[in-house]
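S.K.: Have a look at this one before I ask anything.
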Amino acid sequence: MRNSNTLKNPEFRKRPFEMIHVGSRTELLPSEIVLISADISYSYIHLNDGRKLLVSTNIQKLQERLLGIKEMVRVHRSHMINVKYLKTFDEKRAALKNNLSCPISRRKKINLENALNN
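Residue 1 is where the sequence shown starts when you use the UniProt record's numbering, and the numbers rise one by one after that.
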């Protein structure tokens with residue numbers, strides 16, 4: 001279990017985020033993730049190099065694994081973004097790097113605003 005001191009440590013953020021991908025292990029840095037999109041019990045992870053990975057983990061479990069990475073923000077029940085790659089947003093949508101976009105829910109918009117203000 002991670003404590004708050006571990007989460008504040010910059011070395012923690014540099015550690016790879018291990019993913020299981022089609023039977024092999026793929027390691028990602030959280031800073032490489034642009035967008036995570038839910039698809040029932042699977043998730044698509046969109047990376048800053050344009051790749052899109054399908055993982056057999058739901059978005060809630062990914063959110064728990066990324067807890068403490070302040071750049072990763074849940075903006076919709078089906079979407080989590082890295083605010084570092086946010087270009088612009090309005091009341092309903094966020095535009096991201098690589099021509100990606102996702103909806104923003106009214107209730108979770110405050111999460112995005114808080115992340116941008118910190």
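Built from N, CA and C at the ideal position, the CB exists for glycine as well.
First and last residue of the alpha helix (DSSP H) that includes Ala61?
M.R.: Against the sequence shown, residue 61 aligns to sequence position 61. The question names Ala, but residue 61 in the sequence shown is Lys. Its alpha helix (DSSP H) spans residues 59-65.
S.K.: Report buried or exposed for Ser56, applying the criterion of at least 16 other Cβ atoms within 10 angstroms of its Cβ.
M.R.: For this step, residue 56 is matched to residue 56 along the sequence shown. Taking all protein chains shown into account, Ser56 has fewer than 16 neighbouring C-beta atoms within 10 Å of its C-beta and is therefore exposed.
S.K.: In its own chain, which residues sit with a C-beta less than 7 angstroms from the C-beta of Pro103, not counting the 5 before and 5 after it?
M.R.: Your numbering for residue 103 matches position 103 in the sequence shown. Taken in chain order, the residues that qualify are His76, His79, Lys92, Arg93.
S.K.: Grouping DSSP H, G and I as helix and E and B as strand, with all else coil, what is residue 131?
M.R.: Since the first residue shown for the chain is 1 and the last is 118, residue 131 is missing from the structure and cannot be characterised.
S.K.: Taking DSSP as the reference, what is the three-state secondary structure of Leu112?
M.R.: Numbered from its first residue, the sequence shown carries residue 112 at position 112. Helix at Leu112.
S.K.: Which residues in the same chain have their Cβ closer than 6 angstroms to the Cβ of Ser105, if we skip the five residues on either side of it in sequence?
M.R.: Along the sequence shown, read from residue 1 onward, the residue named residue 105 stands at position 105. Only His76 meet the Cβ criterion.
S.K.: What is the DSSP secondary structure of Lys52, reduced to helix, strand or coil?
M.R.: Indexing the sequence shown from 1 puts residue 52 at position 52. If DSSP states are grouped into helix, strand and coil, Lys52 belongs with the strands.
S.K.: What does the alpha-carbon distance come out to for the pair Val34 and Lys70?
M.R.: Within the sequence shown, the letter at position 34 stands for residue 34. Within the sequence shown, the letter at position 70 stands for residue 70. Roughly 13 angstroms separates the two Cα atoms.
S.K.: Answer with buried or exposed for Leu67, where buried requires no fewer than 16 other C-beta atoms within 10 angstroms of its C-beta.
M.R.: Position 67 of the sequence shown holds residue 67. Counting Cβ neighbours within 10 Å, Leu67 comes out exposed, since fewer than 16 surround it.
S.K.: Where Lys109 and Thr88 are concerned, what is the direct C-alpha to C-alpha distance, given to the nearest angstrom?
M.R.: Counting from 1 along the sequence shown, the entry for residue 109 is found at position 109. Counting from 1 along the sequence shown, the entry for residue 88 is found at position 88. In a straight line, the C-alpha of Lys109 is about 13 angstroms away from that of Thr88.
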